[in-house]
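Residue numbers (the numbering used here): 1315 to 1581.
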Amino acid sequence: MYINTKRDVRSVEEIDMINKEVCSTGIRELDFQMSGGIPLGSTVLVTGCSGSGKTTLCMQYLFNGAQNDDHGVFFTITEPLFKLTKNLEGFSFYDKKLIESGMVNIIDLRIISERLGLDAEKYTVEDAGALLDILKDIADELNVKRLVIDSITALCYRLQSREMIRDFIFKLGTSLAAMNCTTLLTSEVPPQTYKFSQYEIEEFISDGIIFLGDIERRGDLIRTLQVVKMRGIAHSRAKFAMNISAERGLELVPLLKTSDVESLLRR
Ligand SMILES: Nc1ncnc2c1ncn2[C@@H]1O[C@H](COP(=O)(O)OP(=O)(O)OP(=O)(O)O)[C@@H](O)[C@H]1O
Ligand SMILES: [Mg+2]
1315 MYINTKRDVR SVEEIDMINK EVCSTGIREL DFQMSGGIPL GSTVLVTGCS
1365 GSGKTTLCMQ YLFNGAQNDD HGVFFTITEP LFKLTKNLEG FSFYDKKLIE
1415 SGMVNIIDLR IISERLGLDA EKYTVEDAGA LLDILKDIAD ELNVKRLVID
1465 SITALCYRLQ SREMIRDFIF KLGTSLAAMN CTTLLTSEVP PQTYKFSQYE
1515 IEEFISDGII FLGDIERRGD LIRTLQVVKM RGIAHSRAKF AMNISAERGL
1565 ELVPLLKTSD VESLLRR
């Protein structure tokens, strides 16, 4: 079923048949906006304020990919594993079997840091470099096609100066470009701002930006999603209303037609 009924809409599966060079997020309307998905090998910044749905979008991307045999890895630095898993269990896209079979791997970067003997709060350039090497080794070892870092903001926060952050972000960009996977980096920004990153460098190593925001309507905060940039493809820059539900995870409807997101989605 398609939410947008007024257009001549091709199914995501059909688009995928036409364009094999994309990585489908499995979020139908989002894939449609990008002609099938994220171009393979891209690094995409998923930007939004706290609670905007960044982690959910990334998890849905990994679990949907795993259903189609793409190995995925989620590196968390903000939330402990038990909390992440507990939240995930509420969503229908979550499938424990995909974790048990190793199709989706969730790894706490703080535990890796500890094992490397790094200071948990402050990284030197060498520490950050060592962490990057481990990240790359894990991605290679697991043969992952989809990689997530949640969040790049928290990772950079552990570096001591703007120069170090700049240096690290560019190294990360180079490392990710050399990997054989499509990456989502979450980026935390303050609420009600049209800013893509904390350090304002993250967007330059990114091939794409997906912006999660919100708008106030009749006292309600409506979630929004906008593909701001996606190198290599023609894509819509329309702002969509976004809903998060246990049954469907993230889903989108055109904002202009939204008088009541819930009722439209359930129609
Ligand atoms: N099982 C669920 N069913 C419906 N909505 C949910 C469910 N779990 C979470 N949500 C919604 O998703 C929101 C949180 O989304 P998410 O954790 O992906 O945001 P985030 O951008 O990663 O936040 P943060 O920056 O704090 O990590 C919650 O505030 C809630 O509205
Ligand atoms: Mg999160």
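Note that the Cβ used here is the ideal one computed from N, Cα and C, for glycine as well.
By how many angstroms is the C-alpha of residue j removed from the C-alpha of residue i?
i       : j       : result
Asn1541 : Ser1550 : According to the sequence provided, residue 1541 is Val. The question's Asn does not apply to it. The straight-line gap from Cα to Cα measures roughly 7 Å.
Gly1431 : Gly1350 : 42 Å
Gly1563 : Asp1345 : 15 Å
Ser1364 : Ala1492 : 30 Å
Glu1530 : Arg1537 : 9 Å
Val1336 : Glu1393 : 29 Å
Asn1494 : Ser1366 : 29 Å
Arg1480 : Lys1509 : 17 Å
Any idea what DSSP makes of residue i, helix, strand or coil?
i       : result
Lys1368 : helix
Asp1345 : helix
Arg1424 : helix
Met1373 : helix
Phe1482 : helix
Thr1390 : strand
Asn1494 : coil
Thr1339 : coil
Ile1352 : strand
Ile1547 : coil
Which whole-angstrom value describes the C-beta separation of residue i and residue j, a residue pair presumed to lie in contact below a C-beta threshold of 8 Å?
i       : j       : result
Leu1277 : Ser1489 : Given that the chain is displayed from residue 1315 to residue 1581, the structure contains no residue 1277 and the question cannot be resolved.
Thr1496 : Arg1460 : 6 Å
Tyr1513 : Arg1472 : The pair is not a contact, with the Cβ atoms about 12 Å apart (cut-off 8 Å).
Phe1389 : Leu1449 : 7 Å
What does residue i pair with, by DSSP beta-bridge criteria?
i       : result
Ala1536 : This sequence places Ile at residue 1536; Ala is not what is there. DSSP, once it has assigned bridges, lists Ile1529 as partnering Ile1536.
Lys1411 : In DSSP, Lys1411 forms no bridge with anything.
Ala1555 : Thr1538 and Val1567
Glu1502 : Gly1362
Tyr1437 : Leu1473
Asp1464 : Thr1390
Val1418 : Gly1386
If we count the other Cβ atoms within 10 Å of its Cβ and call it buried at 16 or more, is residue i buried or exposed?
i       : result
Pro1353 : buried
Ile1425 : exposed
Gln1374 : buried
Met1331 : Note that Met1331 has pLDDT 44, beneath the 50 cutoff, so the model's placement of it is unreliable and no number is given.
Thr1339 : buried
Gln1347 : buried
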